[in-house]
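Here is the structure we will look at, set down as structure tokens.
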Amino acid sequence: MAAHHIAKYVRHAAPAKPHVDPRLKWSSKFLGAAMWFYIFYRVKNDFIEGHH
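Here you go:
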């Protein structure tokens, strides 16, 4: 017979969320936003308006 009910497992339960330091969370959001703003800035200045 298989090992039945050794670990509690709920089939449709949401996975546990890991604890993340708020400084790490917000710094990653800021750096990600800064990256996208820089990319859009470069696209606007280099490709849409062209080189001057």
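For the sequence shown, position 8 (counting from the first letter as 1) is numbered 8 according to UniProt numbering, and the numbering increases by one without interruption.
Yeah, the Cβ is synthetic: ideal placement off N, Cα and C, and Gly gets one too.
Mapping the DSSP letters down to three states, classify residue i as helix, strand or coil.
{"i": "residue 18", "result": "coil"}
{"i": "residue 32", "result": "helix"}
{"i": "residue 11", "result": "coil"}
How many Å lie between residue i and residue j at the Cα?
{"i": "residue 32", "j": "residue 12", "result": "32 angstroms"}
{"i": "residue 45", "j": "residue 15", "result": "44 angstroms"}
{"i": "residue 26", "j": "residue 43", "result": "26 angstroms"}
{"i": "residue 48", "j": "residue 17", "result": "42 angstroms"}
{"i": "residue 41", "j": "residue 50", "result": "12 angstroms"}
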